[in-house]
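Shown next, in structure tokens, is the structure this report addresses.
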Amino acid sequence: MTRSRSPQLSLFETAAVVPAPPARPKPVAPAKPKQPSYIGGHRKRLRSRFLVGGAEPLPDYELLELFLFRCLRNGDVKPLAHRLIDTFGDFNRVLSAPMERLTEVEGIGPEIALDLKLIEAATHRMSQGRVLKRPVISSWNALLDYCRVTMSHRETEVFRILFLDRKNVLIADEIQGKGTVDHVPVYPREVIKRALDLNASALILVHNHPSGDPTPSTADIAMTEDILRACEVVGVTVHDHLIIGKSREVSFKSEGYL
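Taken in order, the sequence shown gives residues 1 to 258; the numbers are from the UniProt record's numbering.
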């Protein structure tokens, strides 16, 4: 009986080949919009001016532009810098503006606002480093500079106390109260309590006048007298009370109030 064999392909025969599907083209990322050449040239020129001459010759809006270059890699930031200056008045007031006010400016998001506040914090920390843990008498000018930097451009009143040890070395600098545009609550009992906690021997009182005029008000004088009487009871000396305006400051000691 002859067995039937299943058909086999010879060496010269090939099976039908199913063609592979055509390869899909790789997606092409959209090209980034190229900024106009004049913008790139402006950024380069402004950076060069800063590197050669420093910040001093630059107006406030150009200094802001240099900072905004780091935050916004593309586009023209000059209009944004001008909006900030127009809104707040000058470079220092831009940095000292509250976060919520900064983000109200068109083009300023939370990240840029945070970066601006970080610059302010770094500036304050550098100024504070020149006076903290040092004798106040030998670093008085640095102390005044620090008070100007931290307080002269604020939009609301802030009351701070500089605590000194027996050698008049600044051992602590603390904000004791924040208020409105023309008033800040201060409680002598809290001032004394904190001085005793720190074992401070003397104080310098400091607050600002957002109006720009550092002339003491009747309330300022009365509040200083209350703190002075309370300090006398516990043997703590009040060396001075400084009122910081926009362009000058008033010393109670120099003016005869102490």
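Backbone N, C-alpha and C fix where the C-beta goes; we use that ideal spot for every residue, glycine too.
For residue i, three-class secondary structure by DSSP
| i | result |
| --- | --- |
| residue 72 | coil |
| residue 57 | coil |
| residue 142 | helix |
| residue 160 | strand |
| residue 92 | helix |
| residue 246 | coil |
| residue 207 | strand |
| residue 173 | strand |
| residue 63 | helix |
| residue 81 | helix |
| residue 238 | strand |
Residue range of the unbroken alpha helix (DSSP H) whose run includes residue i
| i | result |
| --- | --- |
| residue 129 | 110-129 |
| residue 226 | 218-234 |
| residue 192 | 188-197 |
| residue 134 | Here residue 134 belongs to no alpha helix (DSSP H), and DSSP marks it neither H nor E. |
| residue 253 | 252-255 |
| residue 154 | Unbroken run through residue 154: none, as it is neither H nor E. |
| residue 258 | Taken as a continuous stretch (DSSP letters only), residue 258 belongs to no alpha helix (DSSP H), as it is neither H nor E. |
| residue 101 | 99-102 |
Buried versus exposed, by CB contacts within 10 Å (16 or more), residue i
| i | result |
| --- | --- |
| residue 113 | buried |
| residue 244 | buried |
| residue 136 | buried |
| residue 12 | Since pLDDT at residue 12 reaches only 45, below the 50 mark, its modelled position is unreliable, and the value read off the structure follows with that caveat. By the 10 Å Cβ count, residue 12 comes out exposed. |
| residue 1 | Unreliable placement is indicated for residue 1, whose pLDDT of 49 sits below 50; the coordinate value is still reported in the next sentence. Exposed. |
| residue 204 | buried |
| residue 202 | buried |
Member of the options whose CA lies at the smallest distance from the CA of residue i
| i | options | result |
| --- | --- | --- |
| residue 258 | 226, 85 and 248 | 226 |
| residue 208 | 70, 56, 150 and 140 | 150 |
| residue 106 | 123, 99 and 80 | 80 |
| residue 68 | 56, 84 and 54 | 84 |
| residue 99 | 118, 184, 40 and 167 | 118 |
* Evaluate contact between the stretch 181-191 and the stretch 120-135, counting only Cβ atoms and requiring at least three cross-stretch pairs below 8 angstroms. => Pairwise C-beta distances place the stretch 181-191 out of contact with the stretch 120-135, as fewer than three of them are shorter than 8 angstroms.
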